[in-house]
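Visitor: Protein chains in written order, with the numbering used here: chain A, 335 to 645; chain B, 335 to 645.
There are 2 protein chains.
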Amino acid sequence: MASIGIDLGGTKILAVLVENGQVLGKHKLPTPTAGGPQAILEAMGVAAHEVDPAGTAVGIGVGVPGPVVPDSGVLPLACNLSDWTSPVDVAGELSARCDRRPVFVDNDCNVATLAEHQLGAGRGVDNLVGVFLGTGVGAGLVLDGRLRRGPHGMAGEIGHTFVDFWAKANGESQGELEDYAGRSALEHRARDLHSQGEASLLVSEAGEGPIKSKLWKKALDMGDQPAIRLIDQAAEALAAALATVVNLLDIEIVVLGGGMAERLGPAFRDDLVQRLASRTFAGRLVPIRTAETGDNSGALGAALLVEESRT
Amino acid sequence: MASIGIDLGGTKILAVLVENGQVLGKHKLPTPTAGGPQAILEAMGVAAHEVDPAGTAVGIGVGVPGPVVPDSGVLPLACNLSDWTSPVDVAGELSARCDRRPVFVDNDCNVATLAEHQLGAGRGVDNLVGVFLGTGVGAGLVLDGRLRRGPHGMAGEIGHTFVDFWAKANGESQGELEDYAGRSALEHRARDLHSQGEASLLVSEAGEGPIKSKLWKKALDMGDQPAIRLIDQAAEALAAALATVVNLLDIEIVVLGGGMAERLGPAFRDDLVQRLASRTFAGRLVPIRTAETGDNSGALGAALLVEESRT
Numbered sequence: 335m336a337s338i339g340i341d342l343g344g345t346k347i348l349a350v351l352v353e354n355g356q357v358l359g360k361h362k363l364p365t366p367t368a369g370g371p372q373a374i375l376e377a378m379g380v381a382a383h384e385v386d387p388a389g390t391a392v393g394i395g396v397g398v399p400g401p402v403v404p405d406s407g408v409l410p411l412a413c414n415l416s417d418w419t420s421p422v423d424v425a426g427e428l429s430a431r432c433d434r435r436p437v438f439v440d441n442d443c444n445v446a447t448l449a450e451h452q453l454g455a456g457r458g459v460d461n462l463v464g465v466f467l468g469t470g471v472g473a474g475l476v477l478d479g480r481l482r483r484g485p486h487g488m489a490g491e492i493g494h495t496f497v498d499f500w501a502k503a504n505g506e507s508q509g510e511l512e513d514y515a516g517r518s519a520l521e522h523r524a525r526d527l528h529s530q531g532e533a534s535l536l537v538s539e540a541g542e543g544p545i546k547s548k549l550w551k552k553a554l555d556m557g558d559q560p561a562i563r564l565i566d567q568a569a570e571a572l573a574a575a576l577a578t579v580v581n582l583l584d585i586e587i588v589v590l591g592g593g594m595a596e597r598l599g600p601a602f603r604d605d606l607v608q609r610l611a612s613r614t615f616a617g618r619l620v621p622i623r624t625a626e627t628g629d630n631s632g633a634l635g636a637a638l639l640v641e642e643s644r645t
Numbered sequence: 335m336a337s338i339g340i341d342l343g344g345t346k347i348l349a350v351l352v353e354n355g356q357v358l359g360k361h362k363l364p365t366p367t368a369g370g371p372q373a374i375l376e377a378m379g380v381a382a383h384e385v386d387p388a389g390t391a392v393g394i395g396v397g398v399p400g401p402v403v404p405d406s407g408v409l410p411l412a413c414n415l416s417d418w419t420s421p422v423d424v425a426g427e428l429s430a431r432c433d434r435r436p437v438f439v440d441n442d443c444n445v446a447t448l449a450e451h452q453l454g455a456g457r458g459v460d461n462l463v464g465v466f467l468g469t470g471v472g473a474g475l476v477l478d479g480r481l482r483r484g485p486h487g488m489a490g491e492i493g494h495t496f497v498d499f500w501a502k503a504n505g506e507s508q509g510e511l512e513d514y515a516g517r518s519a520l521e522h523r524a525r526d527l528h529s530q531g532e533a534s535l536l537v538s539e540a541g542e543g544p545i546k547s548k549l550w551k552k553a554l555d556m557g558d559q560p561a562i563r564l565i566d567q568a569a570e571a572l573a574a575a576l577a578t579v580v581n582l583l584d585i586e587i588v589v590l591g592g593g594m595a596e597r598l599g600p601a602f603r604d605d606l607v608q609r610l611a612s613r614t615f616a617g618r619l620v621p622i623r624t625a626e627t628g629d630n631s632g633a634l635g636a637a638l639l640v641e642e643s644r645t
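Written as structure tokens, this is what we have:
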């Protein structure tokens, strides 16, 4: 039984054809930045057709950048997609473009966690958190072997957990994990430091452009002090948030993924293991495994939604 | 079908006889402070007999002050019980003292949450957190209608979630919720302030004795500044921890209980609702309901373990 999985991101649409956990084909398109939801739906329809021209797939799964009410197929809002400011029935609209085959829609971090749980670093572990470091910080939770979605599809918002409750009173930030460990917030902090006289090659090399994950790694390797300090804070905030998740939910392992985590590599991960152990209840050592499904995780996990719907 | 529920606390053992959610009888004993686990098991056996002399109950549930590995019946460690420093098979030992009837054992916050979910303020809500303010801060989670225990029975440790990740680096504390909102930590902070010259009636009235919940309420009512400031911090830290739980798990309501919450009353709760709303994702308003099962919650919830085992 083959399924199509589509990862709808802010910059690209990736479609894969999957059978028995194997990727049989891939097709990538840029995400339309104009034309709103209709243009994006049209592009997804094209990607689905291109990856499976014979129409062998029994269903289509889609991972989207925003919370989805379970079983609704509707994406209410997506800040990083063109004009996606009101609810769109992705399942219905995409199904109409794909021979009325069934379409299942879920949040991108949820489907990536599903991929890691079933085909990646989380195989055989029934209680885990998948955490993804990128522009922001997202997560998915598997509890007792099942993805935790929550009644409104809002579960997993680790980026919006509070690691510094004083920050709000002091007017600095909300004190959420994302304020310390998201690449977007990190860039903001680096530019602030730079303009206050703490010169950093992060800013001198990036200029007006974005400070990408690759540049963060380079700055660390070259001993850039602002970069070292900011990543140290990010790691400590992340360790605190993960310890909160472990202590609250009795989680067995952490799966770490996302572009930023990939670039920072094993040294960052190993350091994080130590920081986490110093905060877990009774000093419990919780393994942190590197995500294995890489760039395919979203599309692969989306394809798994089709199988999940049949069980 | 009648069941016995036993709440094993640091100072008292409360046994209830329950049928169809109604308490038919109660018996209370002081918890033996010498003689170790055997003396405590003996007292629990007596309490079970006293509350149900005819032996009509089909089983016995026990709520204990510590994490319990699911389905094991074993309490590994209990800091506030006499000599309870190694694992004891509470289920087996108590069953032997009670005509070999089946005995089910779980953590006290879990059973109190079970009571609130099935018979109290959480009836009909399938995603909730029960949070209990006392010497420390404990919690239980109901997700998709089921108590979340976790593979090691360690779930629900909200007191050990991190609301201030800087505190550890600064050597102040671990920065856990309990460091700000547990009565024990609050007392410590009040005494520190007092000895540093910020006179408080909390300390002048309590003297060498414990600062009880009732005295905290009195100090607030009399406008005692250190008390007001410390409870303000406690509320903000608690709001941050609850917002973390809501944002991470997509929780529908909070049930607030425990001796300290009872004393602080509706004003504290209503204030907490506002603080929570200012931190939840998309400003979602999450109701906070006052726990309804009161002093019976532990024993009542323990009795529900018997029913739960039959479904």
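Idealized CB from N, CA, C, for every residue including glycine.
Of the residues that make up the region 465-493 of chain B, which ones have a beta carbon closer than 9 angstroms to any beta carbon in chain A?
Guide: Going along the region 465-493 of chain B in chain order, one finds Ala-473, Leu-475, Leu-477, Asp-478, Arg-480, Arg-482, Arg-483, Gly-484, Pro-485, His-486, Gly-487, Met-488, Ala-489, Gly-490, Glu-491, Ile-492, Gly-493 with a Cβ nearer than 9 angstroms to chain A.
Visitor: Please report the residue range of the beta strand (DSSP E) in which His-361 of chain A lies.
Guide: His-361 of chain A -> beta strand (DSSP E) spans 356-364.
Visitor: For Phe-615 of chain B, which of helix, strand or coil comes out of DSSP?
Guide: Looking at Phe-615 of chain B - three-state DSSP - the assignment turns out to be helix.
Visitor: So the candidates are B:Leu-598, B:Gly-628, B:Thr-578, B:Ala-574; which of them puts its Cα closest to the Cα of Met-488 of chain A?
Guide: For the residues B:Leu-598, B:Gly-628, B:Thr-578, B:Ala-574, the minimum Cα distance to Met-488 of chain A belongs to B:Thr-578.
Visitor: Does the Cβ-Cβ distance between Val-465 of chain B and Val-357 of chain B come in under 9 angstroms?
Guide: Taking 9 angstroms as the Cβ cut-off, Val-465 of chain B and Val-357 of chain B do not qualify as a contacting pair.
Visitor: For a quick check, are the C-beta atoms of Val-398 of chain A and Asp-442 of chain A less than 9 angstroms apart?
Guide: Against a cut-off of 9 angstroms, the Cβ pair of Asp-442 of chain A and Val-398 of chain A comes out as a contact.
Visitor: Please say whether Leu-475 of chain B and Leu-582 of chain A have beta carbons closer to each other than 9 angstroms?
Guide: Yes, these two residues count as a Cβ contact at 9 angstroms.
Visitor: So, is Asp-604 of chain B buried or exposed, given that buried needs 16 or more other C-beta atoms within 10 angstroms?
Guide: Exposed is the call here.
Visitor: What does the alpha-carbon distance come out to for the pair Leu-462 of chain B and Leu-477 of chain B?
Guide: Their Cα atoms are separated by approximately 7 angstroms.
Visitor: Would a check of beta-carbon distances place Val-380 of chain A closer than 9 angstroms to chain C?
Guide: The displayed structure is made up of protein chains A and B, and chain C is not among them.
Visitor: If you measure from the beta carbon of Asp-555 of chain B to each beta carbon in chain A, is any gap under 9 angstroms?
Guide: Not closer than 9 angstroms to any Cβ of chain A, the Cβ of Asp-555 of chain B fails to qualify, so no.
Visitor: Quick one: give me the first and last residue of the beta strand (DSSP E) that Asn-441 of chain A is part of.
Guide: Its beta strand (DSSP E) spans residues 437-441.
Visitor: Interface residues of chain B around Phe-499 of chain A at Cβ under 7 angstroms?
Guide: Within chain B, the residues near Phe-499 of chain A are Val-497, Asp-498, Glu-570, Ala-571, Ala-574.
Visitor: For a contact defined as C-beta to C-beta under 8 angstroms, what are the partners of Phe-602 of chain A on chain B?
Guide: Simply none; closest approach about 17 angstroms.
Visitor: When the Cα atoms are used, what is the spatial distance from Gly-454 of chain A to Val-580 of chain B?
Guide: For Gly-454 of chain A and Val-580 of chain B, the distance between alpha carbons rounds to 28 angstroms.
Visitor: Please list, in chain order, all residues of the same chain as Pro-371 of chain B whose beta carbon is under 6 angstroms from its beta carbon, the five residues on each side excluded.
Guide: Result list for Pro-371 of chain B: Trp-418, Val-422, in chain order.
Visitor: Around the C-beta of Gly-426 of chain B, are 16 or more other C-beta atoms found within 10 angstroms, so that it is buried, or is it exposed?
Guide: Exposed, by the Cβ-count rule.
Visitor: Quick one: which unbroken beta strand (DSSP E) runs of 3-plus residues sit fully inside the region 404-472 of chain B? Chain order, please.
Guide: DSSP runs (the beta strand (DSSP E)) wholly in the region 404-472 of chain B: 437-441, 462-467.
Visitor: Name the chain A residues whose beta carbon is nearer than 8 angstroms to that of Asn-461 of chain B?
Guide: Neighbours of Asn-461 of chain B on chain A, chain order: Gly-484, Pro-485.
Visitor: Rounded to the nearest angstrom, what separates Ser-612 of chain A and Gly-369 of chain A at their Cα positions?
Guide: Roughly 50 angstroms separates the two Cα atoms.
Visitor: Comparing the C-beta of Thr-419 of chain B with each C-beta of chain A, is any distance below 9 angstroms?
Guide: So, not an interface residue.
Visitor: For my contact list, Gly-470 of chain A and Glu-512 of chain A are in at a C-beta cut-off of 8 angstroms; report their separation, rounded to the angstrom.
Guide: Right, the Cβ-Cβ distance comes to about 5 angstroms (below 8 angstroms), so this counts as a contact.
Visitor: Do you know whose CA, among B:Ala-391, B:Leu-598, B:Ser-538, lies nearest Leu-554 of chain B's CA?
Guide: Nearest option by C-alpha distance: B:Leu-598.
Visitor: Quick one: is the Cβ of Glu-586 of chain A within less than 8 angstroms of any heavy atom of the ligand GDP?
Guide: Judged by which ligands are present, the structure shown has none, so any question about the ligand GDP falls away.
Visitor: Per DSSP, what kind of secondary structure is Thr-624 of chain B in: helix, strand or coil?
Guide: If DSSP states are grouped into helix, strand and coil, Thr-624 of chain B belongs with the strands.
Visitor: How is Val-607 of chain A classed by DSSP in three states: helix, strand or coil?
Guide: Residue state, collapsed to three classes: helix.
Visitor: Could you please give the first and the last residue of the uninterrupted beta strand (DSSP E) stretch that includes Leu-351 of chain B?
Guide: It spans 346-353 - the beta strand (DSSP E) in which Leu-351 of chain B sits, taken as one unbroken run.
Visitor: Within 10 Å of its beta-carbon, does Asp-440 of chain B have 16 or more other beta-carbons around it, so buried, or fewer, so exposed?
Guide: Classification for Asp-440 of chain B: buried.
Visitor: Report the rounded CA-to-CA distance for His-451 of chain A versus Glu-384 of chain A, giving the unit in angstroms.
Guide: When rounded, the distance between both Cα atoms is 28 angstroms.
Visitor: Determine the closest residue to Gly-435 of chain B out of B:Ser-631, B:Pro-364, B:Gly-395, B:Ala-412, with distance taken between C-alpha atoms.
Guide: Per the sequence shown, the amino acid found at residue 435 of chain B is Arg instead of Gly. Checking every option, the nearest Cα to that of Arg-435 of chain B belongs to B:Gly-395.
Visitor: Take Ser-534 of chain B and list the residues in its own chain whose beta-carbon comes closer than 8 angstroms to its own, dropping the five residues that flank it on each side.
Guide: Contacts found: Ala-524, Leu-527, His-528, Ala-553, Asp-558, Gln-559, Pro-560, Ala-561.
Visitor: Run through DSSP, which three-state label would Gly-395 of chain A get?
Guide: Strand, per DSSP.
Visitor: Helix, strand or coil for Gly-632 of chain B? Go by DSSP, reduced to three states.
Guide: Three-state DSSP puts Gly-632 of chain B in a helix.
Visitor: Using a Cβ-Cβ distance cut-off of 9 angstroms, determine whether Arg-618 of chain A contacts chain B.
Guide: So yes, Arg-618 of chain A belongs to the interface.
Visitor: How big is the Cα-Cα spacing for Ser-420 of chain B and Gly-339 of chain A?
Guide: Rounded to the nearest angstrom, the two C-alpha atoms are 51 angstroms apart.
Visitor: Please tell me whether Asp-341 of chain A and Leu-351 of chain A are closer than 9 angstroms, where the distance is taken between their beta carbons.
Guide: Contact: no.
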